[in-house]
Each structure stands twice: as structure tokens, then as C-alpha cells.
Amino acid sequence: MEVESDMKQILISRFQIAKDVITSEAEFKKDLGLDSLDVMELVIELENVFNIHIADEDAASILTFGDAVTCVQAGIRP
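Using the working numbering, you'd call the opening residue of the sequence shown number 3 and step up by one each time.
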């Protein structure tokens with residue numbers, strides 16, 4: 003499973019974000035144009051796709067695409 007590419011595909015298909023703007027440093031709100039509700043929907047989608055649980059405090063700290071990748075990778079480790 004390639005977490006980063008799968009996550010990019012979710013952003014592209016669900017939120018119509020161009021692939022070339024999705025970088026590790028890209029902030030969801032400032033750079034990718036998502037609002038708070040979009041970010042929460044993304045967190046729920048990531049939980050469902052990767053079969054993980056992201057705690058509320060962890061979700062609140064997800065500001066960039068890189069933050070989200072790190073959080074998901076931590077959740078799927080055995």
C-alpha cells in the first residue's frame with residue numbers, strides 16, 4: 003500500500019485538487035482551499051480507507067498534507 007499516493011488520489015477525486023499542488027508542505031486550508039468541514043471529512047475518509055482511528059487531538063494537529071501522511075502511517079503500523 004502506497005499511503006501517500008493513495009491519499010493524493012483521495013484529494014484529487016473527492017475535493018478536485020490538482021495533483022501538482024499536493025506537496026508535503028501544502029496546508030489544507032491555505033494552499034489546497036479546504037475549509038474545516040472539508041478537513042474533517044478528509045479525516046473520516048482516511049479512517050475508512052486505511053481502517054484506522056485518528057484521535058480528535060491528532061486530527062486537530064493535521065495542518066499539512068505531510069502531517070496527514072505521518073498520522074495515517076502511524077495508524078497503520080502494526
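Heads up, the beta-carbon is just placed ideally off N, CA and C, and yes, glycines get one too.
>> Just to confirm the assignment, what range does the alpha helix (DSSP H) spanning Arg-16 have?
In response: 5-17
> In the DSSP assignment, what are the bridge partners of Thr-66?
Replying inline: In the DSSP output, where bridge partners are listed per residue, Thr-66 has Glu-29.
>> Less than 8 Å between the C-beta atoms of Thr-66 and Glu-27, yes or no?
In response: yes
> What is the rounded straight-line gap between the Cα of Ile-54 and the Cα of Asp-22?
Replying inline: 27 Å
> Terminal residues of the continuous alpha helix (DSSP H) containing Val-41?
Replying inline: 38-52
> What is the C-beta distance between Val-45 and Ile-64, in whole angstroms, given that I count them as a contact (C-beta under 8 Å)?
Replying inline: Their Cβ separation, rounded to whole angstroms, is 7 Å, which keeps Val-45 and Ile-64 in contact under 8 Å.
> In three-state terms, what does DSSP make of Ile-56?
Replying inline: coil
> Quick one: Cα of Lys-31 to Cα of Ala-62, how far?
Replying inline: 13 Å
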